[in-house]
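Data first, discussion second: the structure below is written as structure tokens.
Numbering (the working numbering), first residue to last: 18 to 586.
Okay, structure coming up:
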């Protein structure tokens, strides 16, 4: 029971072993990260079309949940730009412009995200993230950054949105077109404040990367608005933010039809939340050489979203930028989350009035600078140089987000990832093998041209498991390669060294292959078979048909045994 409880609550493992020498570093890191969480929380709440305090609620509840459930020592969980805009675009369509129902539907959707994550943890589905390819993530992240950036142009320039709700105007290209054709309506003072904010943030990232640059820009802009009449000149401000801690939020249960419309939105948010989080988790675990648990991170993600949903916030996930900041300033353990939560409590209780004069255009500047980090130009260039097909996949994911939006862009990325995985497993790498002169080692002829073939023997290997999805491809490839050899081949040796698994569909294929080869007067034998493979070949009767299959029998021994059989007959 104790071990089970510790596996569910990792805090019970690491907290008793906590070193007092780490406390100072964790406190400093927590305060520094909180200085980024506060303004970014306000900005991402605006991005999600929610009241500003909801961003602080989400950050507070997520930090508390991850403190108890998370396995990464550096990862910070909270609102992110991609999740905020995906939430706004997905739930906004379901709400149909009803602002009252929108907030309730956001809460329901966030809770659904948590439920999906917990269910995935129950069924131990953490491995599924491995099926989302790196090239798809590269393209999707770049597309998401551009899409989010386009949503901030109105605030940055002080231009009123069209409000028509037309599909094209809700896409990246539509927003760029609308902004470009309405630049004459831009408010010069708003533009000046926003551009100055971007410049200060960029300069701060370059020359003071470990400083709380975002908080500095926020404070400076609030002071500027307080001592000038810029608000009278049309520079919009955040306005009053309610003080106090979040209270338990239990949303009204929507209709079955509405719930059905929210499920794909929540599914997309769950995928994006987990992918964002696990990417950061694995990055810092490798950097600091410690183990994490992908399945436990599902529970941590679920707990954080459930806490955020019931705590008046919105969908949360692992933030790479805030996690990197935590690591850069020396955060040692998950206790950093406790410090962040404590700072947010102080802000919510005593400091919300200080953010009343925060300009909306500065929030837009914070979002714009933050999302540019999602565009990995070097990775895109490398994909183009190394693999044109992977580059095409990345660009397809990018264009998917820009043309059909974040919600369907997520599913485009998932579908592309699955297609890539299916394509690779259904067309595995195969080799004809030859013997290295003077040895009994057989190697791939295309990799070792010096190797030689045996006149009457054809040796073949598949560098993958054999199962129903690649069985027919393997059979066709083997027969085509065999046709390219001369007609003197009397034996085909199928080397199973790299195929530790053969399922029933693949076993049926091998039976058909044996029949085809027999009709041509060619024998089939198997080498390098592991115990499970030997068992299925014996169970299907194929082993008896090919003169028996021995456990991990070397190719040379298989050939010698076959020649002995030929001599005795």
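Glycine is no exception: its CB is placed at the ideal position from the N, C-alpha and C atoms.
Open item on the list: residue 178 and residue 207 - do their beta-carbons sit closer together than 9 Å?
Closed with: No, Cβ-Cβ distance for residue 207 and residue 178 is not below 9 Å.
- [ ] Tell me, please, which residues DSSP counts as bridged to residue 219.
- [x] Under the DSSP definition of a beta bridge, residue 219 lacks any partner.
Task: residue 49 - containing alpha helix (DSSP H), residue span - done: Its alpha helix (DSSP H) spans residues 40 to 64.
- [ ] For residue 459, name the three-state secondary structure that DSSP assigns.
- [x] In this structure, residue 459 counts as strand in the three-state DSSP scheme.
Open item on the list: When you compare the CB positions of residue 516 and residue 479, do they come within less than 9 Å of one another, or not?
Closed with: Yes. Within cutoff.
Open item on the list: Let me confirm a value: residue 548 is counted as buried when at least 16 other C-beta atoms fall within 10 Å, else exposed. Which label applies?
Closed with: By the neighbour-count criterion, in which 16 or more other beta carbons inside 10 Å mark a residue as buried, residue 548 falls on the exposed side.
Open item on the list: Less than 9 Å between the C-beta atoms of residue 540 and residue 563, yes or no?
Closed with: Result yes, Cβ atoms of residue 540 and residue 563 sit closer than 9 Å.
Task: Cβ-Cβ distance between residue 376 and residue 166 below 9 Å - done: Contact: no.
Task: Sub-9 Å separation of residue 320 and residue 86 beta-carbons - done: Yes, Cβ-Cβ distance for residue 320 and residue 86 is below 9 Å.
Open item on the list: Using a 10 Å radius around the Cβ and a threshold of 16 neighbouring Cβ atoms, would you call residue 383 buried or exposed?
Closed with: Here residue 383 is buried: its Cβ has 16 or more other Cβ atoms, across all protein chains shown, within 10 Å.
Task: Distance CB(residue 88)-CB(residue 33) smaller than 9 Å - done: Contact: no.
Task: DSSP three-state assignment for residue 478, whether helix, strand or coil - done: The answer is strand: DSSP assigns residue 478 an E or B state.
Open item on the list: Using a Cβ-based criterion (distance less than 8 Å to any ligand heavy atom), does residue 112 qualify as near the ligand COA?
Closed with: The ligand COA is not among the ligands present in this structure, which contains no ligands whatsoever.
Open item on the list: Using the three-state DSSP reduction, which class does residue 336 fall into: helix, strand or coil?
Closed with: Three-state result, residue 336: strand.
- [ ] Determine the extent of the alpha helix (DSSP H) in which residue 540 is found, giving its start and end residues.
- [x] Where residue 540 is concerned, there is no enclosing alpha helix (DSSP H), although the beta strand (DSSP E) it sits in stretches over 540 to 544.
Open item on the list: Suppose contacts are defined by Cβ-Cβ distances below 9 Å. Is residue 310 in contact with residue 290 by that definition?
Closed with: No, the pair does not count as a contact, with Cβ atoms beyond the cut-off.
Open item on the list: For the pair the region 405 to 423 and the region 131 to 141, tell me if three or more CB-CB distances fall below 8 Å.
Closed with: The region 405 to 423 is not in contact with the region 131 to 141.
TODO: Output the distance between the C-alpha atoms of residue 561 and residue 452, rounded to the nearest integer angstrom.
DONE: Each residue's alpha carbon lies about 27 Å from the other.
Open item on the list: When you compare the CB positions of residue 360 and residue 48, do they come within less than 9 Å of one another, or not?
Closed with: If you check the CB distance, residue 360 and residue 48 come in under 9 Å.
TODO: Could you tell me which residues DSSP puts in a beta bridge with residue 412?
DONE: BP columns for residue 412 are empty, so no partner.
- [ ] Figure out for me which residue from 575, 557, 113, 126 has the closest Cα to the Cα of residue 287.
- [x] The residue among 575, 557, 113, 126 with its C-alpha nearest the C-alpha of residue 287 is 126.
- [ ] Apply the 10 Å Cβ neighbour rule to residue 194 and answer buried if 16 or more other Cβ atoms are within range, or exposed otherwise.
- [x] Counting the other CB atoms within 10 Å of its CB gives residue 194 a total below 16, which places it among the exposed residues.
Open item on the list: Just to confirm the assignment, what range does the beta strand (DSSP E) spanning residue 94 have?
Closed with: Per DSSP, residue 94 belongs to the beta strand (DSSP E) from 93 to 95.
- [ ] Leaving aside the five residues before and after residue 366 along the sequence, list all residues of the same chain whose C-beta is less than 8 Å from its C-beta, in chain order.
- [x] Contacts found: 260, 261, 262.
Open item on the list: Cutting at 6 Å between CB atoms, please list the residues of its own chain near residue 171, excluding the five before and the five after it.
Closed with: Apart from the 5 residues on each side of it in sequence, residue 171 sits with its Cβ closer than 6 Å to the Cβ of 178 in its chain, given in chain order.
Open item on the list: Measuring straight from C-alpha to C-alpha, what distance separates residue 394 and residue 378?
Closed with: Going from the Cα of residue 394 to the Cα of residue 378 covers about 26 Å.
TODO: Output the residue ranges of the alpha helix (DSSP H) runs that lie fully inside the region 360 to 442 and measure 4 residues or longer, sorted by chain position.
DONE: You should have 377 to 389, 394 to 403.
Task: Nonlocal neighbours in the same chain, by C-beta distance under 8 Å from residue 66, ignoring five residues either side - done: The beta carbon of residue 66 sits closer than 8 Å to the beta carbons of 105, 109, 119 from its chain, once the five residues preceding and following it are set aside; these are given in chain order.
- [ ] In angstroms with no decimal places, state the Cα-to-Cα distance between residue 576 and residue 475.
- [x] Spanning the alpha carbons of residue 576 and residue 475 requires a straight line of approximately 10 Å.
- [ ] Would you kindly work out how many angstroms separate the C-alpha atoms of residue 213 and residue 205, rounded to a whole number?
- [x] Near 12 Å, if we compare the C-alpha coordinates of residue 205 and residue 213.
Task: Contact check, residue 358 vs residue 29, beta carbons under 9 Å - done: Contact: no.
Task: Euclidean distance between Cα positions of residue 551 and residue 511 - done: About 13 Å.
Task: Distance CB(residue 449)-CB(residue 470) smaller than 9 Å - done: Taking 9 Å as the Cβ cut-off, residue 449 and residue 470 qualify as a contacting pair.
Open item on the list: What does the Cβ neighbour count give for residue 224, buried or exposed, with the cut at 16 atoms within 10 Å?
Closed with: Using a 10 angstroms sphere on the CB of residue 224, the tally of other CB atoms stays under 16, which defines it as exposed.
Open item on the list: Helix, strand or coil for residue 452? Go by DSSP, reduced to three states.
Closed with: If DSSP states are grouped into helix, strand and coil, residue 452 belongs with the strands.
Task: Given 8 Å, three or more beta-carbon pairs between the region 336 to 350 and the region 36 to 46 - done: Verdict: yes, contact present.
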